[in-house]
Amino acid sequence: DGGITQSPKYLFRKEGQNVTLSCEQNLNHDAMYWYRQDPGQGLRLIYYSQIVNDFQKGDIAEGYSVSREKKESFPLTVTSAQKNPTAFYLCASTLLAGEGNEQFFGPGTRLTVL
Amino acid sequence: GQQVMQIPQYQHVQEGEDFTTYCNSSTTLSNIQWYKQRPGGHPVFLIQLVKSGEVKKQKRLTFQFGEAKKNSSLHITATQTTDVGTYFCAGRWASGTYKYIFGTGTRLKVLA
Chain D
1 DGGITQSPKY
11 LFRKEGQNVT
21 LSCEQNLNHD
31 AMYWYRQDPG
41 QGLRLIYYSQ
51 IVNDFQKGDI
61 AEGYSVSREK
71 KESFPLTVTS
81 AQKNPTAFYL
91 CASTLLAGEG
101 NEQFFGPGTR
111 LTVL
Chain Y
1 GQQVMQIPQY
11 QHVQEGEDFT
21 TYCNSSTTLS
31 NIQWYKQRPG
41 GHPVFLIQLV
51 KSGEVKKQKR
61 LTFQFGEAKK
71 NSSLHITATQ
81 TTDVGTYFCA
91 GRWASGTYKY
101 IFGTGTRLKV
111 LA
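These protein sequences, in sequence, are chains D and Y. Mapping the first sequence onto the working numbering, position 58 (from 1) lands on 58, and the numbers just tick up by one. Mapping the second sequence onto the working numbering, position 3 (from 1) lands on 3, and the numbers just tick up by one.
This is the structure in structure tokens:
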């Protein structure tokens with residue numbers, strides 16, 4: 001099955017700890033994205049990557065870091081510098097060739113910092 | 001910075017009534033996408049609009065892109081309980097970069 005996976009579904013961490021969220025896709029998509037969604041809110045872009053070994057900051061990159069060492073993988077690290085890390089994190093990917101560019105989303109990871 | 005304003009924030013309708021959500025950008029968009037997120041789920045792509053004045057239909061859903069490519073709307077005719085969810089628009093400004101900014105969403109509740 002082709003798709004985009006995120007793990008784990010639920011994650012609990014103590015305040016002050018770094019945590020890494022996994023995002024993997026086997027769709028051969030070029031671009032990958034990380035969004036944050038707070039209750040009743042829209043999606044805010046954290047980081048995105050259009051090509052391996054390159055990524056750009058979104059609107060709320062402070063306190064987060066990413067890497068894109070492989071086309072299939074785009075892990076997000078939530079560092080202790082992120083002041084309000086509790087949120088729903090969504091990863092997405094898209095194929096850049098052609099006009100489609102629809103974003104396919106993973107099921108999300110709900111992070112709770114205690 | 002680049003923003004997409006979306007209204008209304010919430011909409012409650014009786015089953016069978018129509019529903020419309022609107023997105024507005026202060027600057028010209030390259031294209032706009034629409035997504036639906038069911039409660040507890042993740043956003044699912046509905047459609048992409050690229051051309052000025054474009055209108056696309058999917059069964060009871062009608063999507064429009066304004067002539068100036070600064071606004072867009074999604075209209076649902078005769079809502080059903082399966083339409084419940086939050087509808088988001090996502091705008092892209094500059095061609096060559098695939099960064100999308102999402103609107104705040106419109107949460108639709110359909111009363112049977």
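Just so it is clear, CB atoms sit at the ideal spot from N, CA and C, and this is done for glycine as well.
| query | result |
| --- | --- |
| Taking I101 of chain Y as the query, report the chain D residues whose CB atoms sit under 8 Å from its CB, ordered along the chain. | L45, D59 |
| Look at the Cβ atom of T77 of chain D, then the Cβ atom of T20 of chain D, and state whether they are nearer than 8 Å. | yes |
| Along the region 13 to 47 of chain D, what residues have a CB closer than 9 Å to any CB found in chain Y? | D30, A31, Y33, Y35, Q37, G40, Q41, G42, L43, R44, L45 |
| Taking only runs of the beta strand (DSSP E) that begin and end inside the region 23 to 97 of chain Y, which ones reach a length of at least 3 residues, in chain order? | 31 to 37, 44 to 49, 55 to 58, 61 to 65, 71 to 76, 85 to 92 |
| Please state whether DSSP places Y10 of chain D in a helix, a strand or coil. | strand |
| Name the one or two DSSP bridge partners that R107 of chain Y has. | Y:Y10, Y:T86 |
| By alpha-carbon positions, which one of D:L90, D:E72, D:L114 ends up nearest to P8 of chain D? | D:L90 |
| Would you mind reading off the limits of the beta strand (DSSP E) that contains I51 of chain D? | 43 to 51 |
| Would L195 of chain D count as contacting chain Y if we go by Cβ distances under 8 Å? | Limits of chain D in this structure are 1 at one end and 114 at the other, which puts residue 195 of chain D out of reach. |
| Using a C-beta cutoff of 8 Å, does T104 of chain Y count as contacting chain D? | yes |
| Compare the C-beta of Y98 of chain Y against all C-beta atoms of chain D and say whether one is closer than 8 Å. | yes |
| Does F65 of chain Y have its Cβ less than 8 Å from a Cβ in chain D? | no |
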